[in-house]
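In this note's numbering, the protein residues as written are -3 to 607.
For each residue, glycine too, the CB sits at the ideal point set by N, CA and C.
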């Protein structure tokens, strides 16, 4: 009798979890829309809520064990939250969209707190009120650079200034005869002179080691100037101190009289309008670029044959720069943040990986670096000016601003992505097929939502950095399934198994496995690994049900209520933290009725027990 009960618990545990590998198998050939996934998850969540209410909570309350049940529920919820957070920190958050969203938001909140503490150390912000810190903190981004990568180059627009969080930054003027280098360490601040004067950056800022910086955008500074009297006063004192005029004279060759005239005008406009005028205008030479546009070579197809109006809009975003013979435009494998058009001179593209280091020589009107810039991948070659050269540069940030403001360019870029040429480029040089397809899907979705496409380099780095993720994901999935397996086994001791409980578990497991499997495939996991994870969890659910039946065979009713409370608390917390948030994130308004439908279906299965 005892052996048969244990075997029954094992089999029922397998049945309730059999929808897990079913969901993984379905994901191999069907990728449902977000709305369909949301409906399925909400339906499963509603069914599980009904099962918890009817089969776990109601029975214990009827038997007079509310306090044991309540204590167990609180304990189960706390256990799930703490273990879930621990698993997520090791990469387990990748198992579901909801855990991914929560993990990233928690990290973002931690970063904002760090930003506030870092900015306090900058002299200009030392006494800034807390309300002003909170106003600019959401605009601040953490950016990582590998050794040798450029944060910005001389002549770039002053979009941001930076605080070093980890690593070192070298600042130097590439046109200066001695190329004297200033080395900045942790908490060093750079770029703020250019940011306040709106003059082009006067230096190259290069990572001297693997480095992480906080970037504070110029628009955040402009917002402070408009809204913070305290910050206006600090900037006014800075204008009168001579620091900014000295910078303009020393690094931009501005005469003393011109620098003083700008400082006086800036002080007046700061007081009257809360703005600072530009000290030096950026050199773009848009008109010559317009004249050269019809003759450009190696330009991506969607930028060819643009109407004159669109060409003009694009050419206004170009930056005109000079490279001396031997200067490097970019190094192989470094971050791609801009594309190039040769106006005069010659540039050599060198790929050390090719036999004999084959060199491609580019001349007048040749374009290069566009595919790397568009996808945000690393450069596949090194570009060196073989003689004195003038080039136009199109930065990725400026191109993405064009995509937002120019509907025709956005439409063409979207069609270019849909045709798969960018994905084929990534697959041939940077990512595997699944990762390249994932990048394309996210890029198209982001364009539709008005946000920037993802960086292909970050997708590759994400896969490498989450090397412990498979184990963490498996532990996270197991964590989700432990409570249900124990309660199946223990519930068989005093009564027959409830159809509503089995139905609720089965119906909730399927969409969870389907959604998570699709998410893991997007992270680059192979199908056989995903199927193995879910199949092993099905087996563990059966074993857990059998163990629950063994361990609680002679337990008093209060212990049963405690165990059921732990299971109910853990599963309810799981529904609230993962299933329903993910469903709402993907489907919005469909969640309510889908949850109600699942709830009613589970109750219907309960009515079948009395027939």
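Classification of residue 366 by the beta-carbon crowding that lies within 10 angstroms, buried from 16 upward: By the neighbour-count criterion, in which a residue is buried when 16 or more other Cβ atoms sit within 10 angstroms of its Cβ, residue 366 is buried.
Every unbroken alpha helix (DSSP H) within the stretch 120 to 194, with a cutoff of 4 residues, ordered by chain: Counting whole runs of 4 or more residues, the stretch 120 to 194 contains the alpha helix (DSSP H) stretches 126 to 132 and 188 to 193.
Spatial distance of residue 298 from residue 405 (CA atoms): 8 Å
Straight-line Cα distance separating residue 415 from residue 81: Cα to Cα, residue 81 sits roughly 40 Å from residue 415.
Residue 334 - containing beta strand (DSSP E), residue span: 334 to 346
Nearest-angstrom Cβ-Cβ length linking residue 68 and residue 559, presumed shorter than 8 Å: In this structure residue 68 is in contact with residue 559, their Cβ atoms being roughly 7 Å apart against a cut-off of 8 Å.
Through-space distance from residue 279 to residue 186, alpha-carbon basis: 22 Å
C-alpha gap between residue 257 and residue 356, whole angstroms: 48 Å
C-alpha distance - residue 564 paired with residue 26, whole-angstrom precision: 32 Å
Bridge partner(s) assigned by DSSP for residue 213: 156
Alpha-carbon to alpha-carbon, residue 587 and residue 344: Going from the Cα of residue 344 to the Cα of residue 587 covers about 56 Å.
Residue 26 - DSSP class collapsed to helix/strand/coil: coil
Touch test, the stretch 203 to 218 against the stretch 143 to 153, Cβ-Cβ under 8 Å, three pairs minimum: yes
Unbroken beta strand (DSSP E) run spanning residue 392, endpoints: Run containing residue 392: none in the beta strand (DSSP E); it sits in the alpha helix (DSSP H), 392 to 401.
N- and C-terminal bounds of the alpha helix (DSSP H) containing residue 603: 586 to 604
Buried versus exposed call for residue 267 [16 or more other C-beta atoms within 10 Å across all chains shown]: By the 10 Å Cβ count, residue 267 comes out exposed.
Outcome for residue 464 when other beta-carbon atoms lying within 10 angstroms are tallied against a minimum of 16: Model confidence at residue 464 stands at a pLDDT of 48, short of 50, so the residue's coordinates are unreliable and nothing is read from them.
Start-to-end residues for the alpha helix (DSSP H) that takes in residue 620: For residue 620 there is no data in the structure shown, the boundaries of the chain being -3 and 607.
Cβ-heavy atom distance, residue 544 to the ligand MG, below 7 Å: Among the components modelled here there is no ligand, and therefore nothing to report on the ligand MG.
Short Cβ contact (8 Å threshold) for residue 193 with residue 275: yes
Residue from 592, 432 and 360 whose Cα sits closest to the Cα of residue 371: 432
Residues of its chain near residue 250, where Cβ-Cβ distance is below 6 Å and the 5 sequence neighbours each way are ignored: 244
Beta-bridge partners of residue 389, as assigned by DSSP: 315 and 336
Residue 582 (DSSP reduced to helix, strand or coil): helix
Close Cβ partners of residue 273 (< 8 Å) along its chain, the five nearest in sequence each way excluded: 194, 258, 261, 262 and 265
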